[in-house]
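Here is the structure we will look at, set down as structure tokens.
Residue numbers (our numbering): 3 to 63.
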């Protein structure tokens with residue numbers, strides 16, 4: 003009976019190790035997504051600057 007219990011615990015540990023690997027991979031993906039979002043924000047800021055400049059030109063008499 004105790005042997006079965008330890009076998010089950012061993013399998014649970016294997017599953018937990020696999021889950022940890024998956025979580026680590028998810029974290030890497032989330033880090034990459036954050037980098038992309040930061041780059042998109044930079045682009046949006048640049049577009050806003052351009053739009054502001056266009057507005058200034060359009061406002062000229």
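Every residue gets a Cβ at the ideal spot worked out from N, C-alpha and C, and that includes glycine. It should be emphasised that the depicted structure is a prediction, and the values quoted were computed from it without experimental measurement.
Rounded straight-line distance, which links the Cα of residue j to that of residue i
| i | j | result |
| --- | --- | --- |
| residue 61 | residue 45 | 24 Å |
| residue 6 | residue 14 | 12 Å |
| residue 37 | residue 30 | 11 Å |
| residue 28 | residue 54 | 38 Å |
| residue 23 | residue 33 | 15 Å |
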